[in-house]
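Sequence order for the protein chains is R and V. Residue 1 is where the first sequence starts when you use full-length UniProt numbering, and the numbers rise one by one after that. Residue 1 is where the second sequence starts when you use full-length UniProt numbering, and the numbers rise one by one after that. Report on the following structure.
There are 2 protein chains.
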Amino acid sequence: MKKDQVTITDLARELNVSPSTVSRALNNSPFISEERKKVILELAKKMNYSPNQLALSLLNKRTKILGVVVPEITSYYFSTAINGIQDKVGSSGYKLMISQSNESFEEEIRLMEAMALVRVDGFLISPSSNTLNYDHFEKIKDSGFPLVIFDRDCVGLEADKVVVDDYSGAFQAVEYLIQTGCQRIAHITGSTNLSTTQHRRKGYLDALQNNNFPILEDLIVIGDDSSSESGVACMQKLLDLRQIPDAVFCYNDAIAIGAMSVIRERGIEIPDQISLVGFDDEPYSSYFKPSLTSVWQPIYDLGLLSAKILLDNLEMEKENPNYRFEVLKPELVIRESSRKII
Amino acid sequence: MKKDQVTITDLARELNVSPSTVSRALNNSPFISEERKKVILELAKKMNYSPNQLALSLLNKRTKILGVVVPEITSYYFSTAINGIQDKVGSSGYKLMISQSNESFEEEIRLMEAMALVRVDGFLISPSSNTLNYDHFEKIKDSGFPLVIFDRDCVGLEADKVVVDDYSGAFQAVEYLIQTGCQRIAHITGSTNLSTTQHRRKGYLDALQNNNFPILEDLIVIGDDSSSESGVACMQKLLDLRQIPDAVFCYNDAIAIGAMSVIRERGIEIPDQISLVGFDDEPYSSYFKPSLTSVWQPIYDLGLLSAKILLDNLEMEKENPNYRFEVLKPELVIRESSRKII
DNA sequence: TTTGTTTATGCAAACCTTTGCATGATACTA
DNA sequence: TAGTATCATGCAAAGGTTTGCATAAACAAA
């Protein structure tokens, strides 16, 4: 059975004073005599008093809890972002309520509603890949909850946003492949709904065009999701083409790893016959053989900055008129899975 | 600015009835006339009323929030456990407050205290590797919070616990190495404080003794932590021995991956010259070349079961007199990094 | 002594909801 | 018609805290 916590009234009763007096003593109010304050503080310490946050939240209309919704927790990417959020938020006394949507639109709505009900002070959301409609975000905003969207952009939604420059990352990667002499550069994508997928694809296309390379539809394979299994399936398609690619730019490392295993199985050499590039730069990527060339993302910083913006919003008493849109720069990390510049 | 939520009093004022009446209508009390109930429910819907959970929590003394503390979120292992917890808990309307201790004892205490203050209904804790003293757990229990310890055991602490049979996993792995003809089987450990480290080591030792193999202290290397970097360092030590091992059983996959890269660098063949076995069976392990033999752990189920036990405790009105101690079985997954049975 | 000032304290409301008890109204029975 | 049973409703307290306002006491100034 949960023991009842010591309340301010318990202290008051003990000392034959009113709860107000105790409250003032505890809150360092000037309207209290020094001696009494001392006695009260001592008793409070002795009886192990700590204020009831629930009552305070009810009174102040804020819980010091932030709601975080990510597509999946079990992913290096999002757990690292959460890590950044946690580090930013921890010192300011905020707590995190974290949930995963499992890439489900309905679940995302359900989770946000539940969090709104417990009066989180604000939201940090990375939308699911099936979130094509932003009514629930608008609703949350209308109810006055500060909202920061991170990693995946919602085009048309007015809100604070922090994203990575996927376009630039992809562009860099493909430019590099071209510079190293690759001629037939393929691309394996992830979920087509995602802004990240679209931007990386755009970066791929623009890098090709920029170098007067033809765009070959055969070389663009759309994956069901962004898993290694999907990478396996897509790479098989590419290797079944009459003319196989000599480079593959993958939506992410998981796909690249799957692709790598297929290429190896078929006895094709990486990077001599096919250069392989991933995205995310997951920790294991450097331990693969050959180690994976990948686009590193400042994902920890992404979490950090998102949290910072949310906290800033919470500290401002007025509604912020103009939304922030922060774009972080990714970086190509060159390893063994791609050819060297000649 | 956060808009004020519609309260029961707002509805009451609108209809010129008392808040009690509205409350009764909303809660399906029998002491209310059908017509009035209908009107009230309609207005509630129209005005988009939802009860203030804060007020309810204050009244009922429960928040429907569970506190989860893990050593680190950014790890396949713990994020998968959280996944299991989430799936179990989600349907029952409980929310999760999640934090990582970063393997810090002090942080673990701080986090639990903060969660106790916001009145979580119970705790799911995987202790940090520096948690050698369980006073804070005892204190939490004394305050009446239900507590479930998972993954890492706290010997001597009376509490509900869910762990994996690390001993058996290690024993299986080393037995297998022996069966496949390995003679000099090394072991790279993780943090020595952890029950998991101790049990895996014990499993290793017992399997050797069971087969009348000598225990060679040189072949047991203690890592600083359980990272790939530590795996690299430890493997280097092993390969610098006058007589190198012909098999290495690693505390986990991360270490094994690090070890693999060193072995490769030195031009030693896996598994022909050295068999390599990990623990955890992380998703990427099957994609390595050679793919990694590892001990799979039912970590999702670990989370699921821990959450179930906590929920069971919460539903019982009486204090549970006898604690549960659940041990889940791991399974050896044989892949290419270990020799086959002759 | 009276008035005014300072200082410390308590009361009550507010935050939102539920619920035991009392009250009022209505209808039914004798 | 008086008495009683039934039903719907409101009041107030409880949960823990803060805070504006009122009050009381003590003391200083006139």
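Note that CB positions come from ideal geometry on N, CA and C, so glycine has one too. What you are looking at is a predicted structure, and each value in this text was computed from that prediction instead of being measured.
- Task: Assign Ile268 (chain V) to buried or exposed, taking buried as 16 or more other Cβ atoms, counted over all protein chains shown, within 10 Å of its Cβ.
- Result: exposed
Simplified DSSP assignment, three categories, for Val89 (chain V): helix
Short check: CB of Ala25 (chain R) to CB of Leu41 (chain R), under 8 Å? yes
Check your understanding: Between which two residues does the alpha helix (DSSP H) harbouring Cys234 (chain R) extend?
Key -> 228-239
Once the 5 residues before and after Ser228 (chain R) are set aside, which same chain residues still bring their CB inside 6 Å of it? Ala254, Ile257, Gly258
*Kindly say whether Gly258 (chain R), judged by its beta-carbon, lies nearer than 8 Å to any beta-carbon of chain V.*
yes
Q.
For Leu66 (chain V), list the residues DSSP reports as bridge partners.
A. V:Leu96, V:Gly122
Determine the DSSP secondary structure at Ala186 (chain R), reduced to helix, strand or coil. strand
**OP:** Check the C-beta distance from Ser143 (chain R) over to Ala116 (chain R) and give it rounded, since I have them as a contact under 8 Å.
**Re:** 7 Å
Exercise. Going by the beta-carbon positions, is the gap between Leu58 (chain V) and Leu124 (chain V) smaller than 8 Å?
Worked result: no
- Any contact of the segment 174-183 of chain R with the segment 144-162 of chain R, i.e. 3+ C-beta pairs under 8 Å? no
Quick one: what does DSSP say Ala116 (chain R) is sitting in, helix, strand or coil?
-> helix
Inset, instruction - Have a look at Ser230 (chain V) and Phe78 (chain V) and give me their C-alpha separation to the nearest angstrom. - result: 19 Å
### Query
Between Arg264 (chain V) and chain R, is there a C-beta pair that is closer than 8 Å?
yes
Check your understanding: What are the start and end residues of the alpha helix (DSSP H) that includes Ile257 (chain V)?
Key -> 253-265
Name the DSSP beta bridge partners of Cys154 (chain V), please?
DSSP, once it has assigned bridges, lists no residue as partnering Cys154 (chain V).
*asked:* Please report whether the beta-carbon of Thr74 (chain R) lies at a distance below 8 Å from any beta-carbon of chain V.
replied: yes
- Query: Among residues of its own chain, excluding the 5 on either side of Arg339 (chain R), which ones have a beta-carbon nearer than 6 Å to its beta-carbon?
  - Reply: Thr180, Pro271, Ser275
What whole-angstrom Cβ distance do Ser128 (chain R) and Pro51 (chain R) have, given they're in contact under 8 Å? In fact, because the Cβ distance is near 38 Å, the residues do not count as touching under 8 Å.
Report task. Could you round the C-beta distance between Lys95 (chain V) and Lys64 (chain V) to whole angstroms and report it? I think they count as a contact, below 8 Å. Result -> 6 Å
- Message: So, at 8 Å on beta carbons, what are the nonlocal neighbours of Met97 (chain V) in its own chain, with the 5 sequence-adjacent residues on each side left out?
- Response: Ile65, Leu66, Gly67, Val68, Met115, Val118, Val120
Requested in this report: Select from the segment 111-122 of chain R all residues with a C-beta closer than 9 Å to any C-beta belonging to chain V, and list them in chain order.
Outcome: Leu111, Glu113, Ala114, Met115, Ala116, Leu117, Val118, Arg119, Asp121
ask   = Does any C-beta atom of chain V lie closer than 8 Å to the C-beta of Tyr251 (chain R)?
value = no
- Within chain R, partners of Ser18 (chain V) - CB distance below 8 Å: Here the premise fails: no neighbours, minimum Cβ distance about 21 Å.
Candidates V:Ala81, V:Leu314, V:Asn16, V:Leu241, of which the one nearest Val39 (chain V) by Cα:
V:Asn16
Span of the alpha helix (DSSP H) around Phe137 (chain V): 135-142
Discussion item. When you compare the CB positions of Tyr333 (chain R) and Ser294 (chain R), do they come within less than 8 Å of one another, or not?
Written reply: The identity of residue 333 (chain R) in the sequence shown is Val, whereas the question assumes Tyr. Yes, Cβ-Cβ distance for Val333 (chain R) and Ser294 (chain R) is below 8 Å.
Alpha helix (DSSP H) runs wholly inside the segment 167-213 of chain V, at least 4 long, in chain order:
195-210
Exercise for review: Would you verify that the beta carbon of Asn83 (chain V) is, or is not, closer than 8 Å to some beta carbon of chain R?
Suggested key: yes
| field | Proximity test, Cβ basis, 8 Å: Phe288 (chain V) and chain R | value | yes
request  = Compute the Euclidean distance between the alpha carbons of Leu241 (chain R) and Glu175 (chain V), then round it to the nearest angstrom.
outcome  = 46 Å
Could you check how far apart the C-beta atoms of Ser306 (chain V) and Arg335 (chain V) are, in whole angstroms? I think they sit under 8 Å. No, Ser306 (chain V) and Arg335 (chain V) are not in contact; Cβ-Cβ is about 29 Å, not under 8 Å.
When DSSP labels each residue in this structure, what does residue 346 (chain R) get in the three-state scheme?
An answer regarding residue 346 (chain R) cannot be provided, because it is not within the stretch 1 to 342 covered by chain R.
TODO: Using 10 angstroms around the beta-carbon of Arg266 (chain R), count the other beta-carbons present and answer buried if the total reaches 16, otherwise exposed.
DONE: exposed
| field | Alpha-carbon to alpha-carbon, Gly90 (chain R) and Ser75 (chain R) | value | 22 Å
| Do Ala186 (chain V) and Ala247 (chain V) have their CB atoms nearer than 8 Å? | yes
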